[in-house]
Amino acid sequence: MTKENIYRVTIEELTSHPSTDKTIQFEFKDREDLFKIVENLKQGSGLDATQATRVGVSLRLLGPVMMINRKHPLFAEFMPHFKTLMIKLKNTVKSALIDK
Numbered sequence: 031m032t033k034e035n036i037y038r039v040t041i042e043e044l045t046s047h048p049s050t051d052k053t054i055q056f057e058f059k060d061r062e063d064l065f066k067i068v069e070n071l072k073q074g075s076g077l078d079a080t081q082a083t084r085v086g087v088s089l090r091l092l093g094p095v096m097m098i099n100r101k102h103p104l105f106a107e108f109m110p111h112f113k114t115l116m117i118k119l120k121n122t123v124k125s126a127l128i129d130k
């Protein structure tokens with residue numbers, strides 16, 4: 031049995047008008063350790079820390095949704111490209127971490 035990690039994501043709109051600030055918050059479960067993924071991307075992707083964090087989080091949010099809905103018209107054509115991106119990203123990070 032695989033352990034599921036539970037995460038909470040909070041996005042706050044930061045404006046100069048506090049009365050119009052908006053927040054989105056949701057929780058999701060993931061079999062992957064999101065913090066480890068982000069750390070590996072920071073160390074081995076060649077992206078700066080902020081970009082690596084954004085990529086790691088966004089891929090872990092999008093990827094499982096796409097897998098569940100891979101035949102959905104929104105994702106069907108994009109799925110092969112997403113798979114190519116993931117393979118390239120994993121190989122890039124893996125190689126960089128081995129070389130360190």
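Under this note's numbering, the final residue of the sequence shown carries the number 130; numbering is consecutive throughout.
By construction, the Cβ of each residue, glycine as well, lies at the ideal position given by its N, Cα and C atoms.
Note that this is a predicted model, so its numbers are computed, not measured.
I need the DSSP call for F112, collapsed to helix, strand or coil. F112 falls in the helix class under three-state DSSP.
Decide if A82 is buried, meaning its Cβ has at least 16 other Cβ atoms within 10 Å, or exposed. Buried, since its Cβ has 16 or more Cβ neighbours within 10 Å.
Classify T83 as helix, strand or coil using the three-state DSSP reduction. Shown here, T83 sits in a helix according to DSSP, grouped into three states.
Answer yes if the region 72-79 comes into contact with the region 39-48, meaning at least three C-beta pairs across the two stretches below 8 angstroms, and no otherwise. Too few Cβ pairs lie closer than 8 angstroms, so no.
Using the Cα positions of K124 and I117, report the straight-line distance between them to the nearest angstrom. C-alpha separation (whole angstroms): 10 angstroms.
Can you give me the C-alpha to C-alpha distance between F108 and N99, rounded to a whole angstrom? F108 and N99: Cα-Cα distance of roughly 12 angstroms.
Hey, how far is the Cα of D129 from the Cα of D63? Approximately 22 angstroms, taken between the alpha carbons.
Can you tell me which of the three DSSP states N35 falls into? Three-state DSSP puts N35 in a strand.
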